[in-house]
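There are 2 protein chains.
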Amino acid sequence: MQLLKDRIIQDGVGIGTEILKVDSFLNHQIDVELLDQIAQEFKRLFGDQNVNKILTIEASGIAIACITAMHFGNLPVVFAKKTSPNTMTDEFYGAEVKSFTKGTVSIARVAKKYLQKGDRVLIVDDFLAHGEAAFGMADLVRQAGGKVVGIGAVIEKQFQGGAKKLRKESYRVESLAVIKSIKDGNIEFL
Amino acid sequence: MQLLKDRIIQDGVGIGTEILKVDSFLNHQIDVELLDQIAQEFKRLFGDQNVNKILTIEASGIAIACITAMHFGNLPVVFAKKTSPNTMTDEFYGAEVKSFTKGTVSIARVAKKYLQKGDRVLIVDDFLAHGEAAFGMADLVRQAGGKVVGIGAVIEKQFQGGAKKLRKESYRVESLAVIKSIKDGNIEFL
Chain A
73 MQLLKDRIIQ DGVGIGTEIL KVDSFLNHQI DVELLDQIAQ EFKRLFGDQN VNKILTIEAS
133 GIAIACITAM HFGNLPVVFA KKTSPNTMTD EFYGAEVKSF TKGTVSIARV AKKYLQKGDR
193 VLIVDDFLAH GEAAFGMADL VRQAGGKVVG IGAVIEKQFQ GGAKKLRKES YRVESLAVIK
253 SIKDGNIEFL
Chain B
73 MQLLKDRIIQ DGVGIGTEIL KVDSFLNHQI DVELLDQIAQ EFKRLFGDQN VNKILTIEAS
133 GIAIACITAM HFGNLPVVFA KKTSPNTMTD EFYGAEVKSF TKGTVSIARV AKKYLQKGDR
193 VLIVDDFLAH GEAAFGMADL VRQAGGKVVG IGAVIEKQFQ GGAKKLRKES YRVESLAVIK
253 SIKDGNIEFL
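Protein chains in written order, with my numbering: chain A, 73 to 262; chain B, 73 to 262.
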């Protein structure tokens, strides 16, 4: 998606060899006009998959998921929670999600009533790196007896291998911008 | 906002005397069609305030802020972070936010470059309870030299006093549904 690549070139900041900061338009400040274009692209890619639910994980995925849901005819959005709030009294599905950058493991949770057998779920997120969050969300859908019909990532850091692992498990992955490498702050696209 | 009240009556769950669960449409599963109506209402209420930025706090506020921003002509959204991610290398404004329900204190952070002198900020959030999050966000705007032109809450728990305290400090607060009390699961509106 050229508009997104242009924006990453203009405003993205590469740090070391692992990190791409896009907090001026995606995960701290949010450009909703760009997200609207991103959502349209997800609709174009997955519009024929009879999606009935959009799943993401807090926090940055929520914006993408909601605007995508609007383009899919106002489908319900569910976001997995990384912490267990005191209002989460229902039974939930849980999946471990490792964060390589933070060096932590958290449990992604979705209350059982919000994922059902037969659901055709589109998973969306801001980044696809090692694939941990996507695998965790896919596991939540599997536990519920639903089907992941696609995984849409705004930015894939290809060199961290997540997309490859997901495709090996037969998931359909579509990334709107694929980063091949980050070196000394230089961002190289595929 | 009648549509919202009806939805709270239909799907909201009162727990004890303090907690209202609305996770079937607002903060776990999200009904984007309802959010679109909510955003329209914020536009109606604050549309004349020359807002140039929408501020919220992760996680549930993000969806509301983004859809509201679309109704305000695609204004930038900024969401305050509750944790300091490893990609947050810039200088930031910070404000303490106490959570009465969780019994914790966290620091809400916004990178300095995303709040500026002269900004006319609309703060939105899902809940207005004791007002801690709103006061914290207002403090971030004040530190930056901006002005809070309004605070929009989807649901106000009036009995927790936040709106009253904010209005005493001359903030304009608009809540789309005002809960007077929660008793034995019974939700009483103002």
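Even for Gly, the Cβ is constructed at its ideal location relative to N, Cα and C.
As the structure is a computational prediction, the values presented were derived from the model and not from experiment.
{"query": "So, does the CB of A/ALA183 fall closer than 8 angstroms to a CB anywhere in chain B?", "result": "yes"}
{"query": "Answer with yes or no whether the minimum CB distance from B/PHE151 to chain E is below 8 angstroms.", "result": "Reference to chain E is not applicable here, since the protein chains of this structure are A and B."}
{"query": "Indicate the three-state DSSP secondary structure (helix, strand or coil) for B/THR176 in the structure shown.", "result": "strand"}
{"query": "Please determine, among A/ARG181, A/GLN188, A/LEU117, A/SER247, the residue with the shortest C-alpha to C-alpha distance to A/VAL226.", "result": "A/SER247"}
{"query": "Rounded to whole angstroms, what is the Cα-Cα separation between B/GLN112 and A/PHE231?", "result": "42 angstroms"}
{"query": "What number of angstroms, rounded off, separates the C-alpha of A/ALA167 from the C-alpha of A/VAL213?", "result": "10 angstroms"}
{"query": "On a Cα-Cα basis, can you pick out the residue from A/VAL196, A/TYR165, A/LEU107 that is closest to A/GLY44?", "result": "No statement about residue 44 of chain A is possible, as the shown extent of chain A runs from 73 to 262 and does not include it."}
{"query": "Determine the closest residue to B/LYS229 out of B/ILE129, B/PHE207, B/ILE254, with distance taken between C-alpha atoms.", "result": "B/ILE254"}
{"query": "Which runs of the alpha helix (DSSP H), 4 residues or longer, sit entirely within the region 178–239 of chain A?", "result": "204–216"}
{"query": "Within 8 angstroms (strictly less), CB to CB, does A/ALA141 reach chain B?", "result": "yes"}
{"query": "Quick one: measure Cβ to Cβ for A/ALA135 and A/LEU107, integer angstroms, because I've assumed they're closer than 8 angstroms.", "result": "6 angstroms"}
{"query": "Just to confirm my understanding: we take A/ASP95, look at its own chain, exclude 5 residues before and 5 after, and list those with CB closer than 8 angstroms. What are they?", "result": "GLN101"}
{"query": "For the alpha helix (DSSP H) that B/GLU105 lies in, which residues bound it at each end?", "result": "104–118"}
{"query": "Check each candidate in B/SER132, B/ALA152, B/VAL169 and name the one with the smallest Cα separation from B/VAL182.", "result": "B/ALA152"}
{"query": "B/VAL169 bridges to which residues according to DSSP?", "result": "B/SER178"}
{"query": "Go to A/LEU262, then tell me how far its beta strand (DSSP E) extends in each direction, as first and last residue.", "result": "Neither: A/LEU262 is in no beta strand (DSSP E) and is coded neither H nor E."}
{"query": "Looking only at its chain, what residues have a beta carbon closer than 6 angstroms to the beta carbon of B/THR140, apart from the 5 residues adjacent to it on each side?", "result": "ALA111, PHE114, ILE126, VAL196"}
{"query": "Three-state secondary structure (DSSP) at B/THR128?", "result": "strand"}
{"query": "For A/VAL123, I'd like the list of residues in its chain whose CB is within less than 8 angstroms of its CB, leaving aside the five on either flank, ordered along the chain.", "result": "PHE144, LEU147, ARG192, VAL193, LEU194, VAL221, GLY222"}
{"query": "For A/GLN101, which beta-bridge partners are listed by DSSP?", "result": "B/VAL150"}
{"query": "Around the C-beta of A/PHE261, are 16 or more other C-beta atoms found within 10 angstroms, so that it is buried, or is it exposed?", "result": "exposed"}
{"query": "Specify, as a first and last residue, the run of the alpha helix (DSSP H) that A/GLY133 falls within.", "result": "133–143"}
{"query": "Out of curiosity, what's the CA-to-CA distance linking B/LYS240 and B/LYS185?", "result": "30 angstroms"}
{"query": "Would a check of beta-carbon distances place B/ASP198 closer than 8 angstroms to chain A?", "result": "no"}
{"query": "With A/GLY245 as the anchor, note down where its beta strand (DSSP E) starts and where it stops.", "result": "Sequence check: residue 245 of chain A is Val here, not Gly. 245–255 is the extent of the beta strand (DSSP E) around A/VAL245."}
{"query": "Would B/VAL169 and B/GLY224 qualify as a contact pair, given that the criterion is a beta-carbon distance under 8 angstroms?", "result": "no"}
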